[in-house]
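Take a look at the structure set out below.
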């Protein structure tokens with residue numbers, strides 16, 4: 002018995018592929034399993050109630066894998082929450098470490114943007130020196146990041162050829 006192969010144009014193949022995957026994704030999000038998080042969309046963090054329940058079950062003597070099976074959470078997640086509770090005595094989300102910004106978004110960043118807009122050929126070194134005189138110590142990389150955040154590109158100026166007047170006249 003010969004198999005029939007249907008040749009579809011590329012556009013039709015893409016549509017069929019996308020439909021299949023959308024349908025498959027739809028089935029996976031609407032399944033009727035017994036886990037408490039099955040009706041919600043996948044999130045990176047568990048709810049505070051779930052985290053507290055994990056700690057309560059751990060204190061009652063249950064193992065990490067038993068807690069994970071009961072609540073529908075991975076064993077590694079359960080272990081991480083228990084370690085966090087043992088270390089900090091809390092299940093709250095702790096603040097993430099972040100270096101403070103050297104350039105405030107309102108004041109200095111707008112000043113840098115204004116200076117660059119007035120004179121596009123200003124170098125990062127000039128901006129660093131100007132800010133240092135004003136009392137803010139920053140690096141060239143900080144200036145570049147600030148300009149990029151403000152929607153401006155930091156690029157190198159084109160090299161100016163050192164032509165003699167004779168050569169300039171020949172090109173004109």
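In this note's numbering, the protein residues as written are 2 to 173.
Beta carbons are placed, not taken as given, at the ideal position from N, Cα and C, and that holds for glycine.
How about residue i and residue j: do their beta carbons lie closer than 8 angstroms?
| i | j | result |
| --- | --- | --- |
| residue 139 | residue 148 | no |
| residue 92 | residue 129 | no |
| residue 141 | residue 125 | yes |
| residue 65 | residue 76 | yes |
| residue 109 | residue 137 | yes |
| residue 74 | residue 47 | yes |
I'd like the span of the alpha helix (DSSP H) that includes residue i, first residue to last.
| i | result |
| --- | --- |
| residue 69 | 65-72 |
| residue 166 | 166-172 |
| residue 81 | 76-89 |
How long is the line joining the alpha carbons of residue i and residue j, rounded to whole angstroms?
| i | j | result |
| --- | --- | --- |
| residue 152 | residue 121 | 14 angstroms |
| residue 144 | residue 115 | 13 angstroms |
| residue 123 | residue 135 | 17 angstroms |
| residue 59 | residue 88 | 15 angstroms |
| residue 98 | residue 53 | 24 angstroms |
| residue 211 | residue 118 | Residue 211 lies beyond the range of the chain shown here (2 to 173); nothing can be said about it. |
| residue 107 | residue 113 | 10 angstroms |
| residue 90 | residue 100 | 25 angstroms |
| residue 82 | residue 72 | 13 angstroms |
| residue 86 | residue 67 | 18 angstroms |
| residue 69 | residue 146 | 43 angstroms |
| residue 171 | residue 150 | 44 angstroms |
| residue 80 | residue 63 | 12 angstroms |
| residue 45 | residue 84 | 18 angstroms |
| residue 154 | residue 61 | 58 angstroms |
| residue 127 | residue 78 | 50 angstroms |
Helix, strand or coil for residue i per DSSP?
| i | result |
| --- | --- |
| residue 118 | helix |
| residue 52 | helix |
| residue 111 | helix |
| residue 58 | helix |
| residue 38 | Because residue 38 sits at a pLDDT of 48, beneath the cut-off of 50, its placement in the model cannot be relied upon, and the following sentence gives the value as read from the coordinates. The answer is coil: DSSP assigns residue 38 none of H, G, I, E or B. |
At a threshold of 7 angstroms, does residue i count as lining the ligand FMN (C-beta to nearest heavy atom)?
| i | result |
| --- | --- |
| residue 75 | With respect to the ligand FMN, the structure offers nothing, as it holds no ligand at all. |
Of all the beta strand (DSSP E) runs that stay within the bounds of the region 117-153, which reach a length of 3 or more residues? none
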